[in-house]
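Numbering (my numbering), first residue to last: 9 to 389. A virtual CB, placed ideally from N, CA and C, is assigned to each residue, including glycine. The structure displayed is predicted, hence computed values, not measured ones.
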Amino acid sequence: MSAKRHAILIVDDEQENINLLTNILGEDYALYQALDASQSLTFLKKNEIHLILTDQRMPGLTGVELLEKAREVRPDCVRMLITAYPDVNNAIQAINRGHVHRYVAKPFDSAELKVAIQQELEHLDLVRANRRLNEEMGRMVDELFRANRELRDLNQMKDQFLANCSHELKTPLVSGMGYVDLMLSGGMGALDPRQEKGLRIAHRNLERLLGLIENLLALAKARFKPEELKVVRFDLRPLLEECVESLRGRARKKSLQVKTSLPKGRIPIDGDERKLHSVLTNVLANAEKFSPEEARIDIRVGRPARGKVRVTVTDNGVGIKESRAEIQPFKTTSDFRYAGMGIGLTLARQILQQHHCDIVLERAPRGGGARVQFDLPSGKG
């Protein structure tokens, strides 16, 4: 305990007793003195005192009565009573009522008195430290709640903005694609080979941009106002074959090999067929986008456990740096040559989580590339 850190007020109507206590405690504490209750209460109102040490028998107010009033003035102040043996019962009753923290019976031992005072002041320090900590924690919790509320509001604003922005972008884009389709079909006159090639490149890029906008719109909608699942039992095979056939059309332009491995017969699934179509489309599109020319994409479907159907899509493209990557929007894991926004897999993850499933993006076990794997709830039959 550092010297003079605590202030003690000694109250006694006999100066000799005050002098005795001053000799015992003066080296360790800042000491103040009062000869009666009135003087001590006035001092307490104007000064911070850590401990008041008073005699029981004094003219006017007794020590117990003084400490009752001192509690009102300085609730935190440690209140100790020095009393002769006949007054011990009164002191114990005062302790039980909470007016007095500890009493010291006369005649007292100086060492025991010093230990008692030290213990009470250490307890006071601990109580005050805990109170400050609780107050600080309370302020921190309030700040966290406020920050969380602001983040939630900002997140909702962002999702609403994405939804509105995507909708506004989609309308003129669809109109532009319509004119390109019209020109490609000869509806605005004959095209020479150079013009047709340029329009087909433009159409392909417009399709890619439209897919990105539709994914942004779907992602914002899923986060801002998610739709309820329309769970039905359906056969995954024709749905997957449709998505793979669409992939093959894009893959031929890059000379990609697309291989499938499916179990025989029906592959019953309990889920939202339209949303799971979006999952498959986005996962396959992701594999195609990050695969260079003449790469290979493998699609496997298996049953790893009862009640599950596992879909695994592996490519030997640019791969990912980490052994396992976190899927989140606007974050990519590959180099700039194949940069994307991470929207497709994020949307797929949200849909799968609605089905109480998850999706894993990891480095392919052999030959580089990446592997995307997810389970679907299997139906019976």
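Exercise. Okay, do the region 71-83 and the region 107-123 touch, 3+ Cβ pairs below 8 Å being the bar?
Worked result: yes
For this session: Rank Ile90, Arg274, Leu248 by C-alpha distance to the C-alpha of Cys120 and give the top, closest one.
Result: Looking at the sequence shown, residue 120 is not Cys but Glu. Answer by Cα proximity: Ile90.
Exercise. Going straight from the alpha carbon of Arg357 to that of Glu296, what length do you get?
Worked result: 18 Å
For this session: Along the beta strand (DSSP E) that carries Gln41, what are the first and last residues, could you check?
Result: 38-42
Exercise. Count the other CB atoms within 10 Å of the CB of His364; is the residue buried (16 or more) or exposed (fewer)?
Worked result: exposed
Exercise. Using the C-alpha atoms, what's the distance from Ile125 back to His131?
Worked result: 10 Å
Exercise. Does the Cβ of Asp36 lie closer than 7 Å to at least one heavy atom of the ligand MG?
Worked result: You won't find the ligand MG in this model; it holds no ligand whatsoever.
Exercise. Can you tell me the Cα-Cα spacing of Leu264 and Phe169, whole angstroms?
Worked result: 37 Å
Exercise. How far does the alpha helix (DSSP H) with Arg258 in it reach, from first residue to last?
Worked result: 244-260
For this session: Mind reading off the beta-carbon distance from Arg371 to Ile328? Whole number of angstroms is fine, and I expect it under 8 Å.
Result: 6 Å
For this session: Thinking Val380 and Val291 are a contact (beta carbons under 8 Å), I'd like their distance in whole angstroms, please.
Result: 5 Å
For this session: Could you check which residue in Leu43, Glu128, Gln64 has the C-alpha nearest to that of Asp84?
Result: Comparing alpha-carbon positions, the option among Leu43, Glu128, Gln64 lying closest to Asp84 turns out to be Glu128.
Problem set entry | Close-in-space but distant-in-sequence residues of the same chain around Lys262 (CB under 8 Å, 5 per side omitted) | Taken in chain order, the residues that qualify are Glu296, Ser299, Pro300, Glu301, Glu302, Ala303.
For this session: Starting from Ala15, trace the beta strand (DSSP E) both ways and give me its first and last residue.
Result: 15-19
For this session: Reducing DSSP to helix, strand and coil, say where Thr62 ends up.
Result: strand
Exercise. Nearest CA to the CA of Gly352: which residue from Glu236, Ala226, Arg374, Ile275?
Worked result: Ala226
For this session: Taking the CB atoms as reference points, tell me whether Pro276 and Gly387 lie closer together than 8 Å.
Result: yes
Exercise. Quick one: is Lys283 buried, meaning 16 or more other Cβ sit within 10 Å of its Cβ, or exposed?
Worked result: buried
Problem set entry | Whole runs of the alpha helix (DSSP H) within the region 179-236, excluding any shorter than 4 residues | 201-232
For this session: Please work out which residues of its chain come closer than 7 Å, Cβ to Cβ, to Asn138, disregarding the five sequence neighbours upstream and downstream, and give them in chain order.
Result: none
Exercise. According to the Cβ coordinates, are Leu59 and Met88 closer than 8 Å?
Worked result: yes
Exercise. Which value, in whole angstroms, describes the spacing of the CA atoms of Leu61 and Leu43?
Worked result: So the alpha carbons of these two residues sit roughly 12 Å apart.
Exercise. Where does Val135 land, buried or exposed, given buried means 16+ other C-beta within 10 angstroms?
Worked result: With fewer than 16 other Cβ atoms from the protein chains shown falling within 10 Å of its own Cβ, Val135 counts as exposed.
For this session: Could you spell out the range, first to last residue, of the beta strand (DSSP E) harbouring Ile307?
Result: 304-310
For this session: Note down, in chain order, each residue of its chain lying with its Cβ closer than 7 Å to the Cβ of Arg374, except the 5 sequence neighbours on either side.
Result: Contacts found: none.
Exercise. Which of helix, strand or coil does DSSP assign to Gly279?
Worked result: strand
Exercise. Any idea what DSSP makes of Arg379, helix, strand or coil?
Worked result: Three-state DSSP puts Arg379 in a strand.
Exercise. At what residues does the alpha helix (DSSP H) containing Glu73 begin and finish?
Worked result: Its alpha helix (DSSP H) spans residues 71-81.
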